[in-house]
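I have placed the structure first, in the form of structure tokens, so that the comments after it can refer back to it.
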Amino acid sequence: MSLTLQEISRIGELAKLQMTANEQQSMLTQLNSFFDLVEQIKSVDTQGVVPLSHPYATVADVALRLRPDVVSEKNQREANQQSAPEVQKGLFLVPKVIES
Amino acid sequence: MNAIHDLSLKALCNALQTQQLSAREVALHYLDRARQHTSSQAHLASGMATTDLNKADQGSCGAFLSLNEAHTLAQADLSDQRLQTGQARALEGVPIAHKDIFVTQDFPTTAGSKILAGYRSPFDATVVRRLSDAGMVSLGKLNCDEFAMGSANENSAYGVVHNPWDMTRIAGGSSGGSAAAVAMGLTPAATGTDTGGSIRQPASFCGITGIKPTYGRASRYGMIAYASSLDQAGPMARTAEDCATLLSAMCGPDIERDSTSLDLPSEDFSAYLNNDLQGLRIGVPKEFFAKGLSDDVRQATQSALDALVRLGCQLVDIELPKTELSIPVYYILAPAEASSNLSRFDGVKFGYRTKDYKDLDEMYQKTRSEGFGPEVQRRIMVGAYVLSHGYYDAYYVQAQKIRRMISDDFQRAFSHCDVIAGPVAPTVAWKLGEKSNDPLSNYLADIFTLPASLAGLPGMSVPCGFGEGQMPVGLQLIGNYLKESQLLNVAHRYQGVSDWHLQRPGSPA
């Protein structure tokens, strides 16, 4: 199979990655040679095989735990925001998203 | 007595406990060495002035990304107080350095990425905290491939790591800084993480010992996520004995904070180090010795198998028929998980944000395109594609199914043997730049480490000789789930009859 430049552009938008025309072209070449390698998985007969998500589930039942939705941390707003690009009055600043 | 950096972790621990050495003098000695091997771009990673760091002279291997000497010495002083007042913990005053993928309160954390330059975490990763709680002193943070994506440590935004055995070669990756630092004696121990071989392969390339435990043994809390269903932390040190001590301190349930953490009690992985190997069945997968394996690595690996036979082990031929498929399966699943995990880097809550943008969407796009390196962007693209509508079943689900078949193959193999042994990588460490323009050739070199990663099995690398260019070769040992003690037992007994792990770069042959 072969990807197209349109697909590279669409996936780039989904993944929020901006690429110049040149970068898109080289991404296309690299991804196509990658998918050539990957094609072989399609011919493997996997009928009836259950997908494996937690590897230890190969030998034992593994249930992914959930914990009660309760406050467990003390307020660490300042520590949490110390590496934020733009903060004002304890809020994260972003460009305007709602037009007035 | 030997120089401090020539002592094994065990010997160092004894010297501290008996107060022949103080934690402060040990810390100062290692900091002095670490300073000489910081990355040329460490000031960008840590936000430190270049004058506080060594200006990357010719001899630097580029292992360290950040130091915080005041913090390290404060920790050491606290250890000295405990040592003097009979309150010493198991690893009191022993230094360790952490792969920069573990978040730390007292050092910047970058994951080798520009997008996290200067990032300060509000908390310590569970693994880091557990090691501090055992008395260990943190020396600093170690270079790695960006978000642990790479097999050569050429993908760090803060410079490559050079192999201490030959500075023109790669150290391996992604835990290249950890492996190089231990090999050079810049730290007696380091943490690493292994997603597709990132502990075992650099350990092999740098001639040290490293172990990745069963998936779920070590908490992933505070370990910056690359591929969550594969990522696992483990120790890197000189000997299997040292790794056993470190692994015991690192592992344990973290039920509240890591939903994939196994709910099993902590274990003393040193308990069976000296067990007799008589009658132990070592499975030798024929696929690991097929074409593609270079002669020098084959020879070193074969000699190690012979040594195991002399120790009483019995070699059994086994098959892992889907070995080659593990490459496409891994390189679908890991990027899929990465594309999801890395969506959190958007320039809002932490890290880098682009300078000029007209709206939110452009801010996201420019931030990510400028902040992520080329390999990370490639994997995000692959991941987004295989998860997208119309391709999800053909790629992602199909890969998850083959993943189960690979795991089942291991279980079949383990009905005939106790431990599996083979090479870690098809060749020794290659030259810097040799494969950096060809991502696929890097992927193909992961062939022998990927199967155990996909199955979540414990695996380790043990020095077993030298190959082309006098570069180290590692023997890979793979155990069944939760059998870390058995792996370490085999490795320790092997190290009792070999001296590859005692060789040092630059020392006369």
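From first to last, the protein sequence lines stand for chains D and Y. As numbered in the working numbering, residues -1 to 98 make up the first sequence, in order. As numbered in the working numbering, residues 57 to 565 make up the second sequence, in order. By construction, the Cβ of each residue, glycine as well, lies at the ideal position given by its N, Cα and C atoms.
Cβ neighbour criterion (16 or more within 10 Å) applied to residue i
i              : result
residue 276(Y) : buried
residue 62(D)  : exposed
residue 70(D)  : exposed
residue 87(D)  : exposed
residue 498(Y) : buried
residue 112(Y) : Any answer about residue 112(Y) is weak, because its pLDDT of 46 lies below 50 and its placement is not dependable; what the coordinates show is given next. Buried: at least 16 other Cβ atoms inside 10 Å.
residue 384(Y) : buried
residue 230(Y) : buried
residue 259(Y) : buried
residue 207(Y) : buried
residue 424(Y) : buried
residue 529(Y) : buried
residue 479(Y) : buried
residue 76(Y)  : exposed
residue 110(Y) : Bear in mind that a pLDDT of 45 at residue 110(Y), under 50, signals an unreliable position, so the number given afterwards is only what the model happens to contain. With 16 or more other Cβ atoms within 10 Å, it is buried.
residue 347(Y) : exposed
residue 97(D)  : exposed
residue 58(D)  : exposed
residue 468(Y) : exposed
residue 94(D)  : exposed
residue 82(Y)  : buried
residue 432(Y) : buried
residue 446(Y) : exposed
Rounded C-alpha distance that separates residue i from residue j
i              : j              : result
residue 59(Y)  : residue 509(Y) : 37 Å
residue 221(Y) : residue 239(Y) : 8 Å
residue 164(Y) : residue 338(Y) : 43 Å
residue 139(Y) : residue 37(D)  : 59 Å
residue 560(Y) : residue 20(D)  : 46 Å
residue 243(Y) : residue 451(Y) : 42 Å
residue 503(Y) : residue 44(D)  : 21 Å
residue 328(Y) : residue 543(Y) : 10 Å
residue 382(Y) : residue 540(Y) : 22 Å
residue 29(D)  : residue 493(Y) : 14 Å
residue 108(Y) : residue 399(Y) : Note that residue 108(Y) scores a pLDDT of 48, beneath 50, so its modelled location is shaky and nothing firm can be said.
residue 73(D)  : residue 90(D)  : 16 Å
residue 429(Y) : residue 285(Y) : 23 Å
residue 448(Y) : residue 18(D)  : 27 Å
residue 360(Y) : residue 520(Y) : 6 Å
Where the alpha helix (DSSP H) containing residue i begins and where it ends
i              : result
residue 553(Y) : 540 to 553
residue 361(Y) : 351 to 366
residue 33(D)  : 19 to 36
residue 63(D)  : From DSSP, residue 63(D) is part of no alpha helix (DSSP H); its letter is neither H nor E.
residue 597(Y) : Here chain Y comprises residues numbered 57 to 565, so residue 597(Y) is not present and cannot be evaluated.
residue 188(Y) : 182 to 189
residue 495(Y) : 495 to 500
residue 177(Y) : Premise fails: residue 177(Y) is in no alpha helix (DSSP H) and is neither H nor E.
residue 246(Y) : From DSSP, residue 246(Y) is part of no alpha helix (DSSP H) but of the beta strand (DSSP E) over 246 to 250.
residue 490(Y) : That residue, residue 490(Y), is in no alpha helix (DSSP H); it is neither H nor E in DSSP.
residue 511(Y) : 506 to 511
residue 8(D)   : 3 to 12
Extent of the continuous beta strand (DSSP E) to which residue i belongs
i              : result
residue 225(Y) : 222 to 226
residue 532(Y) : 528 to 535
residue 396(Y) : Here residue 396(Y) belongs to no beta strand (DSSP E); instead the alpha helix (DSSP H) covers 382 to 397.
residue 49(D)  : Counting along the chain, residue 49(D) falls outside any beta strand (DSSP E), and DSSP gives it neither H nor E.
residue 370(Y) : 370 to 374
residue 515(Y) : 515 to 522
residue 194(Y) : 193 to 198
Between the stretch 277 to 286 of chain Y and the stretch 406 to 419 of chain Y, do three or more beta carbon pairs fall short of 8 Å? Contact between the stretch 277 to 286 of chain Y and the stretch 406 to 419 of chain Y is absent, because fewer than three Cβ pairs lie under 8 Å.
Can you list the beta strand (DSSP E) stretches of 3 or more residues lying completely in the stretch 255 to 297 of chain Y, in chain order? Segments of the beta strand (DSSP E) lying fully in the stretch 255 to 297 of chain Y: 265 to 268, 288 to 293.
Under 8 Å, with one C-beta from each stretch per pair, do the stretch 310 to 318 of chain Y and the stretch 261 to 268 of chain Y reach the 3-pair mark? The answer is no - the stretch 261 to 268 of chain Y does not touch the stretch 310 to 318 of chain Y, with fewer than three Cβ pairs under 8 Å.
Are the stretch 254 to 264 of chain Y and the stretch 500 to 519 of chain Y in contact at 8 Å, needing three or more beta carbon pairs? The answer is yes - the stretch 500 to 519 of chain Y touches the stretch 254 to 264 of chain Y, with three or more Cβ pairs under 8 Å.
Those runs of the beta strand (DSSP E) which lie wholly inside the stretch 74 to 161 of chain Y and span at least 3 residues: Runs of the beta strand (DSSP E) lying entirely within the stretch 74 to 161 of chain Y, each at least 3 residues long, are 120 to 123, 151 to 155 in chain order.
Are at least three pairs of beta-carbons, each pair with one atom in the stretch 113 to 128 of chain Y and one in the stretch 212 to 226 of chain Y, less than 8 Å apart? Taking 8 Å as the limit for Cβ pairs, the verdict is that the stretch 212 to 226 of chain Y does touch the stretch 113 to 128 of chain Y.
Runs of alpha helix (DSSP H) lying entirely within the stretch 403 to 474 of chain Y, each at least 4 residues, in chain order: Whole alpha helix (DSSP H) segments, 4+ residues: 416 to 427, 430 to 443, 454 to 469.
For the stretch 15 to 35 of chain D against the stretch 455 to 472 of chain Y, do three or more pairs of beta-carbon atoms, one drawn from each stretch, fall closer than 8 Å, so that the two count as touching? No, because fewer than three Cβ pairs between the stretch 15 to 35 of chain D and the stretch 455 to 472 of chain Y fall closer than 8 Å, the two stretches do not touch.
Check whether the stretch 193 to 204 of chain Y touches the stretch 317 to 337 of chain Y, counting contact only when three or more Cβ pairs, one atom from each stretch, lie closer than 8 Å. With a cut-off of 8 Å, the stretch 317 to 337 of chain Y and the stretch 193 to 204 of chain Y do not count as touching, because too few Cβ pairs lie within range.
At which residue ranges does the stretch 298 to 348 of chain Y contain complete beta strand (DSSP E) runs of 3 or more residues, listed in the order of the chain? Fully enclosed beta strand (DSSP E) runs of 3 or longer: 337 to 341.
Can you find at least 3 beta carbon pairs, one from the stretch 427 to 442 of chain Y and one from the stretch 342 to 357 of chain Y, that sit closer than 8 Å? Contact fails: fewer than three Cβ-Cβ distances are below 8 Å.
Stretch pair the stretch 177 to 187 of chain Y + the stretch 155 to 163 of chain Y: three plus CB contacts closer than 8 Å: Under the three-pair Cβ rule at 8 Å, the stretch 177 to 187 of chain Y counts as touching the stretch 155 to 163 of chain Y.
Do the stretch 290 to 307 of chain Y and the stretch 60 to 67 of chain Y touch if we need at least three Cβ pairs shorter than 8 Å? Touching, yes, given that three or more Cβ pairs across the two stretches are closer than 8 Å.
Between the stretch 124 to 133 of chain Y and the stretch 191 to 199 of chain Y, can you find at least three pairs of beta-carbon atoms closer than 8 Å? Counting Cβ pairs under 8 Å, three or more are found: they touch.
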